[in-house]
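Scroll down for the structure; my scribbles are underneath it.
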Amino acid sequence: MHTSRKPHTVREVIAWHRPLTLTALLCLSLLPVCAAGLILDGRLVAGDPAWLKPTKFALSVAVYNLTLAWLLSLLTRLRRTGWWLGALIAAMTTAEVLLITFQSVRGQASHFNYATPLDTAVYGLMAVMITIAWTANLGVGAILLVQRLGERSTTWAIRLGTAIGLGGMALAFLMARPTEEQAVVLEGGGVADVIGAHTVGVPDGGPGLPLLGWSTVAGDLRVAHFVGLHGLQVMILLALALVLLAARHPRISPDAVRLRLVLVAGTAYAGLTALTAWQALRGQPVVRPDALTLAAAGLLLAATAAGLWWALRTERPGGLPPTAVHDELCDSLPRPDPPCEVERTDSEMTCARREGPR
Numbered sequence: 037m038h039t040s041r042k043p044h045t046v047r048e049v050i051a052w053h054r055p056l057t058l059t060a061l062l063c064l065s066l067l068p069v070c071a072a073g074l075i076l077d078g079r080l081v082a083g084d085p086a087w088l089k090p091t092k093f094a095l096s097v098a099v100y101n102l103t104l105a106w107l108l109s110l111l112t113r114l115r116r117t118g119w120w121l122g123a124l125i126a127a128m129t130t131a132e133v134l135l136i137t138f139q140s141v142r143g144q145a146s147h148f149n150y151a152t153p154l155d156t157a158v159y160g161l162m163a164v165m166i167t168i169a170w171t172a173n174l175g176v177g178a179i180l181l182v183q184r185l186g187e188r189s190t191t192w193a194i195r196l197g198t199a200i201g202l203g204g205m206a207l208a209f210l211m212a213r214p215t216e217e218q219a220v221v222l223e224g225g226g227v228a229d230v231i232g233a234h235t236v237g238v239p240d241g242g243p244g245l246p247l248l249g250w251s252t253v254a255g256d257l258r259v260a261h262f263v264g265l266h267g268l269q270v271m272i273l274l275a276l277a278l279v280l281l282a283a284r285h286p287r288i289s290p291d292a293v294r295l296r297l298v299l300v301a302g303t304a305y306a307g308l309t310a311l312t313a314w315q316a317l318r319g320q321p322v323v324r325p326d327a328l329t330l331a332a333a334g335l336l337l338a339a340t341a342a343g344l345w346w347a348l349r350t351e352r353p354g355g356l357p358p359t360a361v362h363d364e365l366c367d368s369l370p371r372p373d374p375p376c377e378v379e380r381t382d383s384e385m386t387c388a389r390r391e392g393p394r
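The opening residue of the sequence shown carries number 37 in the working numbering; numbering runs sequentially from there.
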């Protein structure tokens, strides 16, 4: 994998991309504050502890921005453009985490909240910022398409992970749509304090999984959003794992084999993201899949297994000597022709026909 010297100090990590890494450090520094809030503050916001959302967002942004900073440090083309896009992402994500924390301090929901002019302004600003951040990430993805970051397997792991991450981010836009009940109120000329939801089929705030908060009684788009958003980290870790395993397992030592494994894994992970989104949009909790969801999951597993078989299939031995290549070429010629012999020169190898006795 094409990387620079392994960093040993915080200063070296910050040098990857200063705005992104400083944002990540800010988010990490917020975690003890959020943890104290979870312990000491018993208020609930939309059914969840008031400090749960800033905790999750701070951790997620820290991981994502550190990963992005590392990737941008590897660029060999369009480095300046990549730096500015990274700086824009850092600014938008910093402001978003701070606004979420601000709303938690107030004991108010940060998302879908139109209860007061201040809440409306906060959520509207966050919506603009996440759109800008998503567009900047799209630009980074385009830059990564023209980079060669080490071996092909590593390069494609990063490309696929970036694409999956963009898809996961885009699922947030689905949450901003009015629910059917909210749409009825708005179409009737009414005013709604809440517009949008992450659950499907019931209002936000019902029973959820511990720590994660994902609904256990209805569909929840946050599942697919989380799975897709962190596809980049998953694919990078996969590429690293394959590089380490290749030293012990000759079967996956060729880069072509690892490339196929990455393509299969990336497709399967994208399928998992789509499956969880489809399940949520049908109003089905992630912990209670129905027969249709299980059947789709079974098909995804079967397709993944077939893909892994294809990826690990035995390849024709590479590096054949010139005579073997020539003999194979001659054997493929039409049989009625006389056998061929090799004529070698300093610059080329040709197959010449011998004319048999008449």
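Just so it is clear, CB atoms sit at the ideal spot from N, CA and C, and this is done for glycine as well.
This one's a predicted model, so the numbers in the text were calculated from it and none came from an experiment.
Output the distance between the C-alpha atoms of residue i and residue j, rounded to the nearest integer angstrom.
i: V322; j: Q269; result: 22 angstroms
i: I136; j: W87; result: 9 angstroms
i: D275; j: N101; result: Note that residue 275 corresponds to Ala in the displayed sequence, not to Asp. A275 and N101: Cα-Cα distance of roughly 19 angstroms.
i: M128; j: A342; result: 41 angstroms
i: L344; j: I288; result: 12 angstroms
i: L181; j: H147; result: 33 angstroms
i: T191; j: I125; result: 22 angstroms
i: V238; j: T215; result: 9 angstroms
i: A98; j: L121; result: 17 angstroms
i: L207; j: L280; result: 33 angstroms
i: L66; j: A339; result: 42 angstroms
i: L337; j: A60; result: 35 angstroms
i: V474; j: P246; result: Only positions 37 to 394 of the chain appear in the structure, and residue 474 is not among them; the question remains open.
i: A333; j: L257; result: 17 angstroms
i: V221; j: T171; result: 32 angstroms
i: T309; j: A233; result: 19 angstroms
i: S251; j: R116; result: 42 angstroms
i: D229; j: T329; result: 34 angstroms
i: P243; j: R324; result: 13 angstroms
i: D363; j: R349; result: For D363, the predicted structure reports a pLDDT of 42, less than 50, and the residue's modelled location is therefore unreliable. The matter cannot be settled from this model.
i: W314; j: R47; result: 43 angstroms
i: V227; j: P153; result: 13 angstroms
i: T57; j: G241; result: 33 angstroms
i: L74; j: A283; result: 45 angstroms
i: F209; j: M165; result: 12 angstroms
i: E223; j: L62; result: 42 angstroms
i: A72; j: H261; result: 27 angstroms
i: L174; j: L335; result: 30 angstroms
i: A331; j: T167; result: 35 angstroms
Drop a sphere of 10 angstroms on the beta-carbon of residue i, count the other beta-carbons inside from all chains shown, and report buried for 16 or more, exposed for fewer.
i: A327; result: exposed
i: H285; result: exposed
i: T45; result: exposed
i: S196; result: Residue identity differs from the one stated: residue 196 is Leu in this sequence, not Ser. That one is buried.
i: A169; result: buried
i: T130; result: buried
i: T198; result: buried
With distances taken between CB atoms, is the gap from residue i to residue j smaller than 7 angstroms?
i: V236; j: L317; result: yes
i: W119; j: W52; result: no
i: A94; j: V133; result: yes
i: A145; j: A82; result: yes
i: A123; j: P55; result: yes
i: T312; j: V263; result: yes
i: V300; j: A254; result: no
i: R79; j: G143; result: yes
What residues in its chain sit with their C-beta under 8 angstroms from that of residue i, if we drop five residues either side in the sequence?
i: D291; result: E187, R188 and S189
i: L265; result: S96, Y100, G201, G204 and M205
i: D77; result: P85, A86 and W87
i: L278; result: S189, I288, R294, L297 and V298
i: T103; result: L268, Q269 and I272
i: G225; result: none
Return the chain-ordered list of same chain residues with a C-beta closer than 7 angstroms to the C-beta of residue i, the five sequence neighbours on each side being excluded.
i: Q139; result: A145, S146 and V158
i: I231; result: F148, Y150, P214 and Q218
i: L185; result: H38, L110, T191 and I194
i: M211; result: G232, A233, H234 and L257
i: T112; result: Q183
i: K89; result: I136, S140 and S146
i: G249; result: D84 and L88
i: D155; result: Q144 and N149
Excluding five sequence neighbours on each side, which residues of the same chain lie with their C-beta closer than 6 angstroms to the C-beta of residue i?
i: I179; result: L114 and G118
i: T91; result: C70
i: A306; result: I200
i: A360; result: Residue placement at A360 cannot be trusted, given a pLDDT of 36 that sits under 50; the coordinates are not used to answer.
i: G319; result: V236, G237, A254 and G255
i: L64; result: A98
i: M162; result: E132 and L135
i: L108; result: H53, G118 and G122
Mind checking whether the beta-carbon of residue i lies closer than 6 angstroms to any heavy atom of the ligand GDP?
i: T103; result: Here there are no bound small molecules, and the ligand GDP is not part of this structure.
Using a Cβ-Cβ distance under 7 angstroms, would residue i count as near chain B?
i: V141; result: In the displayed structure, chain B is absent; only one protein chain is listed.
Which full runs of the alpha helix (DSSP H) of 4+ residues lie inside the region 75-157, going along the chain?
-> 88-109 and 115-142
Which runs of the alpha helix (DSSP H) spanning at least 4 residues fall entirely within the region 231-288, listed in chain order?
-> 257-265 and 267-282
Could you name each continuous alpha helix (DSSP H) segment of 4 residues or more that falls completely within the region 278-352, going from the start of the chain to the end?
-> 291-317 and 327-347
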